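First to last, the sequence lines map onto chains A and B.
All residue numbers for the first sequence refer to my numbering, where the first residue is 1 and numbers rise by one.
All residue numbers for the second sequence refer to my numbering, where the first residue is 502 and numbers rise by one.
What follows is a short report on a single structure.
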Amino acid sequence: MDIFSNLATGFGAAVSLQNLFFCLIGCFLGTLIGVLPGIGPIPAIAMLLPITFGLDPLSSLIMLGGIYYGAAYGGSTTSILVNMPGEASSIVTCIDGHQMAKQGRAGPALAVSALGSFFAGTVGTIFVAGFGPMLSNFAQQFNSPDYFSLMVLGLTTAVILAHGSVVKAVAVILVGLLLGLVGTDVNSGTTRYTFGVSDIWDGIDFLPVVIGMFGVVEIIKNLEGKEYLKAPITAKLSSIWPTKQDFKDSWRAVLRGTAVGSILGILPGGGAVLASFASYTVEKKVAKDPSRFGKGAIEGVAGPESANNSASQTSFIPLLTLGLPSNAVMALMMGAMMIQGIQPGSAVMTSRPDLFWGMVASMWIGNAMLVILNLPLLPMWVKMLSVPYRLLYPAILMFCVIGVYANNNNATQMVIVAVFTVFGYALARLGCEPAPMILGFLLGPLMEENLRRSLVLSRGDPMIFFQRPISLTLLIMTACVVLLIVLPSFRKTREVAFQEE
Amino acid sequence: MIFRVRSPQDFGAGILFMLVGLAGVYFGRDLTYGSAMRMGPGFFPMWLSWIIVGMGAFIAFRGLTIDGDAVEMPQWRPVIGVIGSIIAFGLLIETLGTPITIIILTFLAAFARPNPDLKETAILAVALAIFAVVAFIYGLGQPLPLWWEF
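This is the structure:
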């Protein structure tokens, strides 16, 4: 194992003044946008994506990583202070975090969450450095049928984590797959579903889709809920530092959360949401007095916050080694990598080791920066919460449209933004979670290509997926997941888990 | 037997998916299907589309049999205001240039909520226009047009 020499390469690549600068800017902007109430990490990242495009691949990914951690952390800050989770993984943080804030202990809650996240992020990074190469070596044995089955597994597990109805989530993913096929078919050169619009001959651009479905839809939803237009939110922040007792109460929760998160993050389809829910359940189970939970137990903040951060790190593993985004945030990362001309997968590690290890190193740097940046800047972030939404949303809208327009100077992209806004809005109104669509959208062409190659290999016999051991194993795992979803007892726990909203 | 929509959300979603799937089938009708061994450009889309139609039918049917949530009517003001400002941006940016387009965008966006304060909106619009020019055009060097071109 030469993790250390690899990490040295990584730090060598990542630690340039330029990269550190972009990482810092990323963390700062990510937190800035993430802290705004009603904006979760997905819209925050979508909005900030365009500013990373002009950079070289490594700097751009490092900055993007910074944005991601910043947005996630900013989201937790908002959940704790105003009880408004911007994303599913902060829902759990709200439960006890906001209670702590009500008791005037917002400072300790935020500090514990930052320190716990930093520790968890460090462990998560080590996980990525350790498991990444192993999995990547393993992935080299993957063939087209294996990749196809892997994607089936990944998309199936993504379904469990979608809110609401399972069937609807499946349908949403399939629509995503279909939309991913729009454009020129690489094999025959035929254009598909382009309606003669030359702008989508290369496929529908990723950016206007995510900006419309996640950025703009979010604005409309917030404007419909009138509470955002009322008086600005005032949150009080007294002392930031946790007491000795707080540390004593929370360090075990941090350790457990980190372990839970690191493991759950690796699973295809896993990630921050699953990790934070699981960790909260664990904390409640091991606590001597479970009744304290929901009333401001610091373990209920420390555990899930650590868990979702370590899972955020380790969910890079399937993306970087197998090319499989396990959740919507990773899909955004994948989209960004593809725009930089990098196809995520096991080849990245062998062909661009500086990129892989540089990113791993930057994960840790990003986490460190967050602690350094956020604890002293907390009062400023709290101030951000008092900016009324009526002033914020035109600015957010401006970011969205300029970002899309500047990406390729094409005004017709606005039509795509509008179309996907309407579609995303309709999905939301009809009780469908739009996030899984983006996974399908990115995997559509890959799935088709791997299916095509597999069937060429087998001369058209679909049994090939059951004959190769790796593919068969993956399909058996998929079957287990499907069984889990269908099983009534599991359905109940899943419903209960999402009910804490 | 009279059908009654028990879950409008499910029923609506089912219809939406069926429409998407049928659109996929209809607009993909001229794509070569090929065979399993030599998949044509129409092979995968056709399978996907029909599966989507099937899922849609299932969801819609479930909406007729199991009780569920009602569909909340959209509030047209935010929907039209926000989408209108995006379209306006697309139409105007190349002819009017960035600052003026941003001012128009801000005003249109302000009307996405009831009773906007015009004075406040004007100040915000000018501030955002200045910010856009300074940050995006000069700061980040984005290729946005500064002034109008006729």
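Glycine residues also receive a C-beta, built at the ideal position from the N, C-alpha and C atoms.
Model, not experiment: these values are computed from the prediction.
Buried versus exposed, by CB contacts within 10 Å (16 or more), residue i
{"i": "A/P232", "result": "Low confidence applies here, because A/P232 scores a pLDDT of 47, under 50, leaving its location unreliable and the question unanswered by this model."}
{"i": "B/F512", "result": "buried"}
{"i": "A/D96", "result": "buried"}
{"i": "B/E621", "result": "exposed"}
{"i": "A/Q141", "result": "exposed"}
{"i": "A/R256", "result": "buried"}
{"i": "A/D185", "result": "buried"}
{"i": "A/G294", "result": "exposed"}
{"i": "A/D246", "result": "buried"}
{"i": "A/N374", "result": "buried"}
{"i": "A/W241", "result": "exposed"}
{"i": "A/L483", "result": "exposed"}
{"i": "B/Y639", "result": "exposed"}
{"i": "A/N137", "result": "exposed"}
{"i": "B/F544", "result": "buried"}
is_contact[residue i, chain B] using C-beta, thresh 8 angstroms
{"i": "A/C27", "result": "no"}
{"i": "A/T505", "result": "The structure shown has nothing for residue 505 of chain A, since chain A only spans 1 to 501."}
{"i": "A/A336", "result": "no"}
{"i": "A/A406", "result": "yes"}
{"i": "A/A231", "result": "In this prediction, A/A231 has a pLDDT of 46, which is less than 50 and means its spatial position is unreliable; what the coordinates show is noted afterwards. Cβ-Cβ to chain B under 8 angstroms: no for A/A231."}
{"i": "A/K168", "result": "yes"}
{"i": "A/D199", "result": "no"}
{"i": "A/V415", "result": "yes"}
Residue-chain proximity (residue i, chain A), Cβ-Cβ < 8 angstroms
{"i": "B/V627", "result": "no"}
{"i": "B/P600", "result": "no"}
{"i": "B/F562", "result": "no"}
{"i": "B/I604", "result": "no"}
{"i": "B/T607", "result": "yes"}
{"i": "B/V521", "result": "yes"}
{"i": "B/D570", "result": "yes"}
{"i": "B/L565", "result": "no"}
{"i": "B/A537", "result": "yes"}
{"i": "B/F545", "result": "yes"}
CB contact flag (residue i, residue j, <8 angstroms)
{"i": "A/P434", "j": "A/G424", "result": "yes"}
{"i": "A/M47", "j": "A/F277", "result": "no"}
{"i": "A/M414", "j": "B/G591", "result": "yes"}
{"i": "A/G440", "j": "A/G180", "result": "yes"}
{"i": "A/L135", "j": "A/I263", "result": "no"}
{"i": "A/M151", "j": "A/L320", "result": "no"}
{"i": "A/F503", "j": "A/M100", "result": "Because residue 503 of chain A is not part of the residues shown, which for chain A are 1 to 501, the question remains open."}
{"i": "A/L36", "j": "B/A613", "result": "no"}
{"i": "A/P344", "j": "A/M334", "result": "yes"}
{"i": "B/Q510", "j": "B/V572", "result": "yes"}
{"i": "A/A307", "j": "A/A287", "result": "no"}
{"i": "B/M556", "j": "A/V486", "result": "no"}
{"i": "A/V112", "j": "A/S312", "result": "no"}
{"i": "A/L49", "j": "A/G366", "result": "no"}
{"i": "A/S346", "j": "A/G265", "result": "no"}
{"i": "A/V217", "j": "A/A13", "result": "no"}
{"i": "B/I560", "j": "B/G515", "result": "yes"}
{"i": "A/F22", "j": "A/S59", "result": "yes"}
{"i": "A/L207", "j": "A/N410", "result": "no"}
{"i": "A/R582", "j": "B/L532", "result": "This structure gives no information on residue 582 of chain A, because the portion of chain A shown stretches from 1 to 501."}
Sequence-distant residues of its chain with Cβ nearer than 8 angstroms to residue i (five each side left out)
{"i": "B/R505", "result": "L565"}
{"i": "A/Q103", "result": "G296"}
{"i": "A/L7", "result": "A129, W357, V360 and A361"}
Same chain, Cβ closer than 6 angstroms to residue i, five either side skipped, listed in chain order
{"i": "A/L61", "result": "M359"}
{"i": "B/V583", "result": "A613"}
{"i": "A/N502", "result": "Coverage of chain A is limited to positions 1 through 501, which leaves residue 502 of chain A absent and any answer about it impossible."}
{"i": "B/S550", "result": "G522, G525 and V526"}
{"i": "A/A139", "result": "T321, L322 and S346"}
{"i": "A/S90", "result": "G75, S76 and S79"}
{"i": "A/C432", "result": "K168 and V172"}
7 angstroms CB neighbourhood of residue i in its chain, flanking five on each side removed
{"i": "A/L81", "result": "A101, A106, A235, V382 and L385"}
{"i": "A/G300", "result": "I95, D96, Y280, E283 and F293"}
Below 8 angstroms, can you find three or more Cβ-Cβ pairs linking the segment 277-290 of chain A to the segment 145-153 of chain A?
The segment 277-290 of chain A vs the segment 145-153 of chain A: no contact.
Does the segment 165-182 of chain A come close enough to the segment 371-388 of chain A to have 3 or more Cβ pairs within less than 8 angstroms?
Touching, no.
Flag this pair as touching only if the segment 458-471 of chain A and the segment 361-374 of chain A have three or more C-beta atom pairs under 8 angstroms; answer yes or no.
Segments in contact, no.
Does the contact criterion of 3 or more C-beta pairs under 8 angstroms hold for the segment 63-70 of chain A versus the segment 16-36 of chain A?
Touching, per the Cβ criterion.
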